[in-house]
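Read through the structure below, which is laid out as structure tokens, and then see the notes.
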Amino acid sequence: MDPGRFRNLDALVRWSVFAAAIGLFFLLILLPLVSLNGYAVREGFGIFWSRLREPGALGALRLTAAVALATTAVNSVIGTAMAFVLTRYRFPGRRAINALVDIPLAIPTVVTGFALLLLYGPMGVLGKFLGEREIQVMFSFPGLLLGHVFVTFPFMVRAVGAVLESAPRSAEDAARTLGAKEWQLFFLVTLPSIKEGLVAGSFLTFSRSLGEFGASIMVSGNLVGRTQTAPLYIFSRFNTGDVEGASAIAILLALASFLILLLLQFVQTGRGVHEGIA
Amino acid sequence: MTPHLAAEGIRKSFGRKPVLDGVSITVGTGEMMALLGPSGCGKSTLLRIVAGLIPKDAGAIRIAGRDMESVPARQRGVGFVFQDYALFPRMTVRENVAFGLRVRGVEALERSRKAGEILDLVGLSEEANRPVDRLSGGQRQRVALARALAMEPSLLLLDEPLSALDVKVRERLRREIKAVQKKVGITALVVTHDQEEAMELGDRIAVMNEGRIEQVATPREVYQEPATEFVARFVGEVNVLPGQMYHGYAYSGSLAIRMAENQPLRDGSSVKVILRPEDISLHPAGTAEAGQSQADVGSVSFQGTHLRVELATEEGYPLTALLLRSHPMAGKIAEGDAVRVEALRGSVLPDPFGKKEPEYYL
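Line order of the protein sequences matches chains W and S.
For the first sequence, the working numbering assigns the number 278 to the last residue and increments by one with no breaks.
For the second sequence, the working numbering assigns the number 640 to the last residue and increments by one with no breaks.
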């Protein structure tokens, strides 16, 4: 470094901010991830593979993927519908509901899980009602799905809503004057125009669901091989002292999230380049 | 001309704000009507109501004699060209144009043939397979027009079709739109805030202001015999002077304007005299002839084809005159000169609030 540069106080401040930001990013974000990688394969890949093959491990990963997929599918439909209602309809209370959509982001996920448990659990109003009809929601797949749909709800609404907000509505009016029925309008005009929002929202929902812990642990009952998702598996293994077992799954989960992030970046910059040309 | 489109007593409010206050208008078969007015006057709202895109509060729309009350937009057989074109992105030019045929279940081959025909008409055959995002503004506009015409509507509605284009392209496309409309023979209603556009496109012009129609007439009548002061001021530049009728002339001070034979105003009634700046001629100062007035030149500015001269009449009214560059006075006139003013042509509007001049003044 040329000391002459520091004669200027502004330059010093700028350099300090730069160093602090990059340094803290390494320390707080990258270092833990590196240690995770280090730990998982410390004992060699053989141990890593054997840990993956333990009962419950692959099942937890499969369950996590299934819940994440189902959550994404459910929120694609109800999140898109909600985004539609909030951007295209005018009704009293719209602004209030619009603000309430983000509540799942603000409430601690454990509280969410607890609330669902109180409602759908054996003592809850809905739980009792459904229980009498032999339908068990809690401590099973539907319970996990409910929790995850709740926690990830805002992502799809916001992603699709942003696209709907910016898309000119006249294209839909044009389709109407050209004779399109409402369903043709949706599939031929509206859906293509919100595709990008749907993709972005799906990625966000899916990756958030992969790592969901707080609500999951409350509603799932943490039943090994049945309702134990990957994050719960990691926690349980670590608690019983099986650090390698926890690491093996943890690294796969981290890898999956990383891939999704890459994919999202790829999809978005791909779009950006396309728009740049046009 | 039999009316193809009839709107009767259309009312519409957004919230408490009235936008259309009982608008009635008829457009003859094959006629192109320009709906001219300042922004916010309700003209686009009227267009959308005709298309069935928004509901009206009261009134009736009839297209080809058929009441449109319970007919949804998609069944009205109305072509609509939107201000922002509203093309379908991610579709090619041909796909855009064929959209109306596609949703009606016309088979692919026939669709393609029909789209090709229309693209020929608007001169876009070369671009048929290009995505619409790659087109220039003028090309997009033509795609929008072609798309609206492809399903052979009986009525074409255009909402500020050229306002997003730059001046040169706008003037060329204006002529193209008019030519296509005449060639197809379709009845059309075009909304614009640009008086030049309204005059060139419209067989007749309906001038709108604050949710009402002020005048419906040919471009020439709207310009030369405006029905209201608003129309006079909105369409072109104008001088409005207080005056009175006497023996077939309108007098503003000593300035006389000859009226048409059949004008109905009684002698002595107060009027507003409407004088277009180009209908004023100037002469060197001297003895005023009958009907002329003296005036002082306030300023002169060169504007290319003409000179713009700001005057003050002997009665103290400001007056703007436009002199062609070839006018005998054009070379000599300067600020501070005294001149004689002659009104070559003008029109009057009754002025119920006008000051009653004493008889002897006449």
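Using N, Cα and C, we set each Cβ at its ideal position, and we do this for glycine too.
Treat the numbers as computed from the prediction; the structure is a model and nothing was measured.
Check: Determine, using beta carbons only, whether Ala-364(S) comes closer than 8 Å to chain W.; Outcome: yes
Check: Which residue or residues does DSSP assign as beta-bridge partners of Ala-466(S)?; Outcome: Met-310(S), Leu-434(S)
Check: Which runs of the alpha helix (DSSP H), 4 residues or longer, sit entirely within the segment 299 to 369 of chain S?; Outcome: 321 to 329
Check: First and last residue of the beta strand (DSSP E) that includes Ile-611(S)?; Outcome: Premise fails: Ile-611(S) is in no beta strand (DSSP E) and is neither H nor E.
Check: Let me know if His-471(S) comes out buried or exposed under the rule of 16 or more other beta-carbons within 10 Å of its beta-carbon.; Outcome: buried
Check: Assuming Gln-459(S) and Leu-443(S) are in contact, meaning their beta carbons sit under 8 Å apart, how far apart are those beta carbons, in whole angstroms?; Outcome: Going by Cβ atoms, the distance from Gln-459(S) to Leu-443(S) rounds to 18 Å, so no, they are not a contact pair.
Check: Would you be able to state if there are at least three C-beta pairs under 8 Å between the segment 392 to 400 of chain S and the segment 197 to 217 of chain W?; Outcome: no
Check: The alpha helix (DSSP H) spanning Glu-475(S) covers which residue range?; Outcome: 473 to 479
Check: May I have the straight-line CA-CA distance separating Gln-627(S) from Ala-534(S), to the nearest angstrom?; Outcome: As written in the sequence, residue 627(S) is Leu, which differs from the Gln given in the question. If you take the alpha carbons of Leu-627(S) and Ala-534(S), they lie about 15 Å apart.
Check: Could you list the residues in the segment 172 to 185 of chain W with a C-beta less than 8 Å from some C-beta on chain S, going in chain order?; Outcome: Asp-173, Ala-174, Ala-175, Arg-176, Thr-177, Leu-178, Gly-179, Ala-180, Lys-181, Gln-184
Check: At the level of alpha carbons, what is the spacing between Val-500(S) and Val-301(S)?; Outcome: 18 Å
Check: Short of 7 Å Cβ to Cβ, which residues in the segment 371 to 387 of chain S face chain W?; Outcome: Phe-377, Gly-378, Val-381, Arg-382
Check: Ends of the alpha helix (DSSP H) at Gln-419(S)?; Outcome: 415 to 428
Check: Give the range of the beta strand (DSSP E) segment to which Leu-600(S) is assigned.; Outcome: 596 to 602
Check: If contact is defined by three or more beta carbon pairs under 8 Å, each pair taking one atom from either stretch, is the segment 145 to 152 of chain W in contact with the segment 64 to 77 of chain W?; Outcome: yes
Check: Taking the alpha carbon of Ala-338(S) as the point to measure from, which residue in Glu-347(S), Gly-624(S), Gly-514(S) has its own alpha carbon closest?; Outcome: Glu-347(S)
Check: Taking only the alpha-carbon atoms, compute the straight-line gap between Ile-251(W) and Leu-36(W) and give it to the nearest angstrom.; Outcome: 7 Å
Check: Taking Tyr-524(S) as the reference, which of Ser-532(S), Met-607(S), Gly-546(S) has the closest Cα?; Outcome: Gly-546(S)
Check: Determine whether the Cβ of Pro-192(W) lies closer than 8 Å to any Cβ atom of chain S.; Outcome: yes
Check: Can you give me the start and stop residues for the alpha helix (DSSP H) that Thr-51(W) sits inside?; Outcome: Residue 51(W) is actually Arg in this sequence, not Thr. 45 to 52 is the extent of the alpha helix (DSSP H) around Arg-51(W).
Check: Compute the beta-carbon to beta-carbon distance between Ala-83(W) and Val-160(W), rounded to the nearest angstrom, for a pair I have assumed lies under 8 Å.; Outcome: 4 Å
Check: Does any residue of chain W bring its CB to less than 8 Å from the CB of Met-429(S)?; Outcome: yes
Check: At the level of alpha carbons, what is the spacing between Met-644(S) and Val-518(S)?; Outcome: Nothing about residue 644(S) can be reported from this structure: the residues present for chain S run from 279 to 640 only.
Check: Near Glu-637(S), what residues of its chain come up, given a Cβ to Cβ distance below 8 Å and the 5 sequence neighbours on each side ignored?; Outcome: Here Glu-637(S) scores only 47 on pLDDT, less than 50, and its place in the model is too uncertain to base an answer on.
Check: For Met-607(S), which of helix, strand or coil comes out of DSSP?; Outcome: coil
Check: Which of the residues in the segment 330 to 351 of chain S, read from start to end, lie with their CB under 7 Å from any CB of chain W?; Outcome: Leu-331, Ala-351
Check: Would a check of beta-carbon distances place Val-189(W) closer than 8 Å to chain S?; Outcome: yes
Check: Residues in the segment 161 to 172 of chain W with C-beta within 8 Å of chain S's C-beta atoms, listed in sequence order?; Outcome: Pro-168, Ser-170, Ala-171
Check: Would you mind reading off the limits of the alpha helix (DSSP H) that contains Val-163(W)?; Outcome: 141 to 166
Check: Count the other CB atoms, across all protein chains shown, that sit within 10 Å of the CB of Leu-427(S); report buried if there are 16 or more and exposed otherwise.; Outcome: buried
Check: Counting only C-beta atoms, is Val-462(S) closer than 8 Å to chain W at any point?; Outcome: no
Check: Take the Cβ of Tyr-89(W) as the centre, count every other Cβ of all protein chains shown within 10 Å, and call the residue buried at 16 or more, exposed below.; Outcome: exposed
Check: Can you tell me whether Val-516(S) is helix, strand or coil according to DSSP?; Outcome: coil
Check: Could you spell out where the beta strand (DSSP E) holding Tyr-529(S) opens and where it closes?; Outcome: 527 to 530
Check: Would you mind working out which of Ala-60(W), Arg-158(W), Arg-94(W), Val-17(W) sits nearest Leu-204(W), comparing C-alpha positions?; Outcome: Arg-158(W)
Check: Leaving aside the five residues before and after Leu-640(S) along the sequence, list all residues of the same chain whose C-beta is less than 6 Å from its C-beta, in chain order.; Outcome: Summary for Leu-640(S): the model assigns pLDDT 45, below 50, so the residue's position carries little reliability; its value from the coordinates is reported in the next sentence. Counting only Cβ-Cβ distances below 6 Å, and skipping sequence neighbours, we find Tyr-524.
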